[in-house]
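Some notes on the structure that comes next.
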Amino acid sequence: MKGCNLAMGSFDGIHMGHRKILAFADSVLTFTPHPRIVLGIERGRFILTPDEEKKRIFDEMGIDAIFLKFDEKIAQMEPVEFVEKVLMDIKPSRVV
């Protein structure tokens, strides 16, 4: 995905706002499970768009998808560490 225009987010319930962001991207980095579940913010959270459905929607939009396992290790990363260990591995030209 080197050189891609990368959108990042959970993208649950891919709505018009998400679609406007995704219009500027050819790749997406999304998290599984939803970070709010891992962080304990929302227990028993109802997922609007399961990963399989997200994948289908991204495919229909012509967007390559990376589903990053969101766990305690990712949750505890400092922003610079996330960039160095996750984003630099993807090597996007731009993050939207």
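121 is the number that the working numbering gives the last residue of the sequence shown; the numbers go up by one with no jumps.
Ideal Cβ placement from N, Cα and C applies to all residues, glycine included.
Keep in mind the model is a prediction, meaning the values are calculated, not measured.
Neighbourhood of residue i by C-beta distance below 7 Å, restricted to the same chain and skipping five residues each side
{"i": "D51", "result": "C29, N30, I88 and D89"}
{"i": "P58", "result": "F95"}
{"i": "K80", "result": "A90"}
Identity of the residue in the options nearest residue i by Cα
{"i": "P121", "options": "I39, A48, G38 and H40", "result": "Checking the displayed sequence, the identity of residue 121 turns out to be Val instead of Pro. Checking every option, the nearest Cα to that of V121 belongs to A48."}
{"i": "I115", "options": "A100, L93 and K98", "result": "L93"}
{"i": "L54", "options": "M102, K110 and M33", "result": "M33"}
C-alpha gap between residue i and residue j, whole angstroms
{"i": "K45", "j": "E78", "result": "19 Å"}
{"i": "G42", "j": "F36", "result": "10 Å"}
{"i": "K98", "j": "E85", "result": "32 Å"}
Residue range of the alpha helix (DSSP H) that includes residue i
{"i": "V53", "result": "Here V53 belongs to no alpha helix (DSSP H); instead the beta strand (DSSP E) covers S52 to T57."}
Residue span of the beta strand (DSSP E) that contains residue i, given as start and end
{"i": "M33", "result": "N30 to M33"}
Proximal residues to residue i (C-beta, below 8 Å), its chain only, five neighbours per side dropped
{"i": "F71", "result": "none"}
Practice problem: Any chance you could list the beta strand (DSSP E) runs of at least 3 consecutive residues sitting entirely within the stretch 67-103, in chain order? | Solution: Whole beta strand (DSSP E) segments, 3+ residues: 89-94.
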